[in-house]
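A short write-up of the structure that comes next.
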């Protein structure tokens, strides 16, 4: 027998002066393979057409439907109602600007972060020659880069981050892993000093408290903390390059905690 779901949703329209933040309850019948995304569409189609939430692909690719589900950031399209209790409580992702109800603006945050970390390949090539072949790389390296490039910028890791909640200037795991992706890319000619200037501070790798919440809620299961640790170790070794003996630094740099290709 299907359950009767009680879905409690945060409601507030910042553009409406008469609107006040409150929780509103909706009741719908559950059926097999129902996702939270489907449940929200049923509510909007049959109960309240003013309900605001974001969606696009319905397949965990666009990252638009991020929200706090029973206190835990996640994607509505990835979450089946059968894995939740009958009483489901939904809030918008914190940290990001609220558009209305469950809809937040993650785009401005990620655009700013991308600008701060200079999220593009840096090299000295002045002109692009479309007649040249693509730069080749080993399949194993391409797979490593792809592993870090699977981020859909849903914002779940940022919303779960304790440091980001206390410090609006903290870049967060998504941005730091983006830097790690370029650190792996042989086409990017930046060195350790260049990366240190970008994330070698409290706003970057040294601001993380290591609570592991980012990796715990990542819907794509990207190894966020592993990469943050790799980058932090690399930059920490760079910062003591003139203090510790070079032989010791080289030994520490090749203990599986730093990317080997740089």
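Numbering (the numbering used here), first residue to last: 65 to 326. Backbone N, C-alpha and C fix where the C-beta goes; we use that ideal spot for every residue, glycine too.
Per-residue DSSP class, three states only, for residue i
{"i": "residue 214", "result": "coil"}
{"i": "residue 109", "result": "helix"}
{"i": "residue 223", "result": "helix"}
{"i": "residue 119", "result": "coil"}
{"i": "residue 79", "result": "coil"}
{"i": "residue 231", "result": "coil"}
{"i": "residue 301", "result": "helix"}
{"i": "residue 243", "result": "helix"}
{"i": "residue 157", "result": "coil"}
{"i": "residue 101", "result": "helix"}
{"i": "residue 201", "result": "coil"}
{"i": "residue 125", "result": "coil"}
{"i": "residue 326", "result": "At residue 326, the pLDDT of 44 sits below 50, so the modelled position is not reliable and the matter cannot be decided from this model."}
Residue range of the beta strand (DSSP E) that includes residue i
{"i": "residue 72", "result": "68-75"}
{"i": "residue 132", "result": "130-133"}
{"i": "residue 90", "result": "86-93"}
{"i": "residue 139", "result": "136-139"}
Beta-carbon gap between residue i and residue j smaller than 7 Å
{"i": "residue 135", "j": "residue 170", "result": "no"}
{"i": "residue 209", "j": "residue 252", "result": "no"}
{"i": "residue 69", "j": "residue 106", "result": "no"}
{"i": "residue 301", "j": "residue 289", "result": "no"}
{"i": "residue 295", "j": "residue 226", "result": "no"}
{"i": "residue 260", "j": "residue 205", "result": "no"}
{"i": "residue 331", "j": "residue 72", "result": "Nothing can be reported for residue 331: it is not among the residues displayed for the chain, which extend from 65 to 326."}
{"i": "residue 117", "j": "residue 162", "result": "no"}
{"i": "residue 278", "j": "residue 221", "result": "yes"}
N-terminal and C-terminal residue of the alpha helix (DSSP H) that residue i is part of
{"i": "residue 249", "result": "Segment: none, residue 249 is in no alpha helix (DSSP H) and carries neither H nor E."}
{"i": "residue 175", "result": "171-180"}
{"i": "residue 259", "result": "256-263"}
Distance between residue j and residue i (C-alpha atoms, nearest Å)
{"i": "residue 271", "j": "residue 234", "result": "7 Å"}
{"i": "residue 103", "j": "residue 77", "result": "21 Å"}
{"i": "residue 240", "j": "residue 66", "result": "43 Å"}
{"i": "residue 321", "j": "residue 158", "result": "Model confidence at residue 321 stands at a pLDDT of 44, short of 50, so the residue's coordinates are unreliable; what they give is reported in the following sentence. In a straight line, the C-alpha of residue 321 is about 32 Å away from that of residue 158."}
{"i": "residue 121", "j": "residue 108", "result": "17 Å"}
{"i": "residue 98", "j": "residue 140", "result": "11 Å"}
{"i": "residue 81", "j": "residue 155", "result": "20 Å"}
{"i": "residue 113", "j": "residue 180", "result": "38 Å"}
{"i": "residue 164", "j": "residue 86", "result": "12 Å"}
{"i": "residue 349", "j": "residue 254", "result": "Since the first and last residues shown for the chain are 65 and 326, residue 349 lies out of range."}
{"i": "residue 74", "j": "residue 286", "result": "29 Å"}
Residues sharing a beta bridge with residue i, DSSP
{"i": "residue 274", "result": "Per DSSP, none; premise fails for residue 274."}
{"i": "residue 144", "result": "99"}
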